[in-house]
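When we follow the working numbering, the leftmost residue of the sequence shown carries the number 1050, and every step to the right adds one.
Don't be surprised by glycine CBs; every beta carbon is placed ideally from N, CA and C.
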Amino acid sequence: MLAGFPAGLLPADPTQDNHHLHQSGLVVDPNSPETFKQNILLVRDNVTRLQNLANSALIGIQNAYNPGSNPMHTTAELANLKQSLELLCDLMRQTGVGALPLLSGDQNKVPMSDSMLNENELLESTTRSVEEVFERVKKQQETALNIGNLLGSART
């Protein structure tokens, strides 16, 4: 168990029980796609948990002046939210999942940004850029050839 991580926040770490793995003859790659998928699912679960904590803290803040609200409870929720956020950041950093954009389950609500282009759009964009550079270099070469011809004919 990693220090500071509650049991539900632990990354899928196949090296946790190395002795047992070596005895059974199984060697699991910590960089395998399956481990990464498990880590993504773990991060998504923790993001959902973090959203619930944030909503709970927000409700506590919104109801701060209502009779019967407990400011100590809201303070505790905010502290728990802050700690959970720090643990999630550490988890994402350790597992490598933090390099990926976090998308909600409903893709229709999330607008596509330039950083989330799909592979075909990236390929088309790259192809256009290469064609533009090629055309520019081709024009420069033609211009240089014309200038060379003019200079060559002026000498004769």
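Please list, in chain order, all residues of the same chain as residue i whose beta carbon is under 8 Å from its beta carbon, the five residues on each side excluded.
i     : result
L1194 : none
A1103 : L1130
G1197 : none
Consult DSSP for residue i and reduce its assignment to one of helix, strand or coil.
i     : result
S1178 : helix
N1167 : coil
N1088 : helix
N1101 : helix
P1113 : Here the sequence assigns Ala to residue 1113, which means Pro is not the residue at that position. Three-state result, A1113: coil.
N1080 : coil
Check whether the Cβ of residue i lies closer than 8 Å to any Cβ atom in chain B.
i     : result
Q1143 : Of the protein chains in the structure, only one exists, and it is not chain B.
Between which residues of its own chain and residue i is the CB-CB distance below 7 Å, once the five residues before and five after are set aside?
i     : result
A1106 : T1123, E1126, L1127, L1130
V1186 : none
P1120 : A1113
I1110 : T1123
Could you give the first and the last residue of the continuous alpha helix (DSSP H) run that contains residue i?
i     : result
A1128 : 1120–1144
Tell me which residues share the same chain as residue i and place their Cβ nearer than 6 Å to its Cβ, disregarding the 5 neighbours each side in the sequence.
i     : result
N1112 : S1118
R1098 : none
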